[in-house]
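Quick note: the sequence shown uses full-length UniProt numbering, first residue 1, plus one each step.
Virtual Cβ for every residue (Gly too), placed ideally from N, Cα, C.
To start, the structure itself, in structure tokens.
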Amino acid sequence: MRPKRLVNILWVQMNTIGARLREERLRLGLSQEEFAAIGGVLRRAQSHYESDERSPDAKYLSAVAELGVDLLYVLRGTRQASDEAGEAATSSEFDTEEQELIENYRALNEAGKAALHAFLSTCFNSSAMLVSAVPRRAKRLAEHRRAAFDQRTAENIERAIAHIKRLRAERAARAKKSNK
1 MRPKRLVNIL WVQMNTIGAR LREERLRLGL SQEEFAAIGG VLRRAQSHYE
51 SDERSPDAKY LSAVAELGVD LLYVLRGTRQ ASDEAGEAAT SSEFDTEEQE
101 LIENYRALNE AGKAALHAFL STCFNSSAML VSAVPRRAKR LAEHRRAAFD
151 QRTAENIERA IAHIKRLRAE RAARAKKSNK
């Protein structure tokens, strides 16, 4: 069991907007630089947001919300439970339903199984269809990072990162020119 002081410190750390924003970024499997690019800020600003040194503005929050960030959770610390959860089924209903799912899964070819795995990963990572509404952390492998995003979102991420690199190069050129 953890000492009470350590538990209180951990609770306070997770009870801040920055900590919850970091948790959402990690859930989506993005680096600070990638997440910052989506929000239209530099990585340093993202770091300040996550350490509660600065507060994100509405434009930033709107941009990350389009990616699937749970803003209610980030701002208030409470997740919305899925409305589709409904009442829990009895265990005998689950047994029949689960057996049917397994049989249907076994009937799929490899492409069908891959598509089903991708769909389920998206459901678990976004928590949109989970009863507990507590998302799982996405894998950090580069190929998995953007697997849950559609093509348009992936292109926007690439474009934002390229824009940040271009701005850095321009800033470095100006600094080099002013030093001469």
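| Check | Outcome |
| --- | --- |
| With a cut-off of 8 Å on the beta carbons, I'd call R22 and E50 a contact; round off their distance for me. | 4 Å |
| Does the structure place the stretch 43-58 close enough to the stretch 17-31 that three or more beta carbon pairs sit under 8 Å? | yes |
| If distances are taken between C-alpha atoms only, which option among E110, S31, I157 and N179 comes closest to I38? | I157 |
| Short of 7 Å in beta carbon distance, which residues of its chain neighbour L71, apart from the five on each side in sequence? Order them along the chain. | L61 and A65 |
| When burial is assigned at 16 or more other CB atoms within 10 Å of the CB, is G29 buried or exposed? | buried |
| Use the C-beta contact count for Y105: other C-beta atoms within 10 angstroms, 16 or more gives buried, fewer gives exposed. | exposed |
| Where does G39 fall in DSSP's three states? | helix |
| Between which two residues does the alpha helix (DSSP H) containing K59 stretch? | A58 to L67 |
| My output table needs one value for L108: the three-state DSSP class, helix, strand or coil. | coil |
| By a C-beta neighbour count over all protein chains shown, 10 Å radius and 16 as the cutoff for buried, is F35 buried or exposed? | buried |
| Considering only the beta carbon of each residue, do V74 and E24 sit closer than 9 Å? | yes |
| Would you give the residue range spanned by the alpha helix (DSSP H) that T153 belongs to? | Q151 to N179 |
| Would you call the CB atoms of A63 and G40 closer than 9 Å? | yes |
| Is it right to say R168 is buried, meaning 16 or more other beta carbons lie within 10 angstroms of its own, or is it exposed? | exposed |
| Do you know offhand how far E98's Cα is from R27's? | 27 Å |
| Is it buried or exposed for A160, if we count other Cβ within 10 angstroms and need 16 for buried? | buried |
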